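Student: Using this note's numbering, read the sequence shown as starting at 716 and increasing by one per residue.
Where a beta carbon is used, it is the ideal one built from N, C-alpha and C, also for glycine.
Because the structure is a prediction, the values reported are computed rather than measured.
This structure is in structure tokens; I'll ask about it shortly.
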Amino acid sequence: PELPAYDLLNLRLGFLNERWDVALFVNNALDERALLALDQERGTLARVGYLTNPPRTIGISSRINF
């Protein structure tokens, strides 16, 4: 079966200069639950499951250039 389409919104706000970079990020900002793959077993006790995307993730990233 065909899986439904989905959209994700990722955000990033940061500051940088020649030596460092720091940013706040939000991945999957709207907490969209997308079905990425179908997992279907066969047999008398068959089950159907779906692989989904990660939930909303909020964090801070930083980098320093040496």
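Rounded to whole angstroms, how far is the Cβ of G774 from the Cβ of F740, which I believe are closer than 8 Å?
Tutor: Contact flag correct, Cβ pair sits at about 6 Å.
Student: Quick one, are the C-beta atoms of D724 and L753 less than 8 Å apart?
Tutor: It is Leu, not Asp, that sits at residue 724 in the sequence shown. Contact flag unset, no.
Student: Specify the secondary structure class of Y721 as computed by DSSP and reduced to three states.
Tutor: Of the three classes helix, strand and coil, the one that applies to Y721 here is coil, per DSSP.
Student: Under three-state DSSP, which class holds A738?
Tutor: It is a strand residue.
Student: Rounded to whole angstroms, what's the CA-CA distance from R748 to I779? Just pull it up for me.
Tutor: So the two alpha carbons sit approximately 34 Å from each other.
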